[in-house]
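Please read the structure below before turning to the comments.
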Amino acid sequence: MKKWQQRIGSWLSDHLELPSDVVLELPRITMIGQLHAYIENHRGLLLFSDNELRLNMGNGYLKITGSNFVLKMMLPEEILLEGTIKEIIFIDN
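The number in my numbering is simply the position in the sequence shown, starting from 1, with 698 added.
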């Protein structure tokens, strides 16, 4: 069922010119240097510490490591992270 949804989502994105991150429920990450990361379309906060952030992405999770992390904003599907970002990793379930 999941592959079928992905195929339909890809077709909608291609033929109707809809943004793929919205149709396929993919995360959107906007970074400003190594200082800020704005993450949209996450499914919840799994872990937060001074040097690590983990967000549920539905089919896995997003792991961000660095130092001096501060959550500047947290909404149901959006997070603004501030600090020194060293690494961003997508991990599948």
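Using N, Cα and C, we set each Cβ at its ideal position, and we do this for glycine too.
Item, Value
"Bridge partners - Gly756, DSSP secondary structure assignment", "None, per the DSSP bridge assignment."
"Cβ shell of Ile777 (< 6 Å), same chain only, five flanking positions each side left out", "Ile737"
"Proximity of Asn749 and Thr763 at Cβ, strictly below 8 Å", "yes"
"Proximity to Phe746 [Cα-Cα], best of Lys761, Ile727, Leu733, His734", "Lys761"
"Range of the contiguous beta strand (DSSP E) that encloses Arg726", "726–730"
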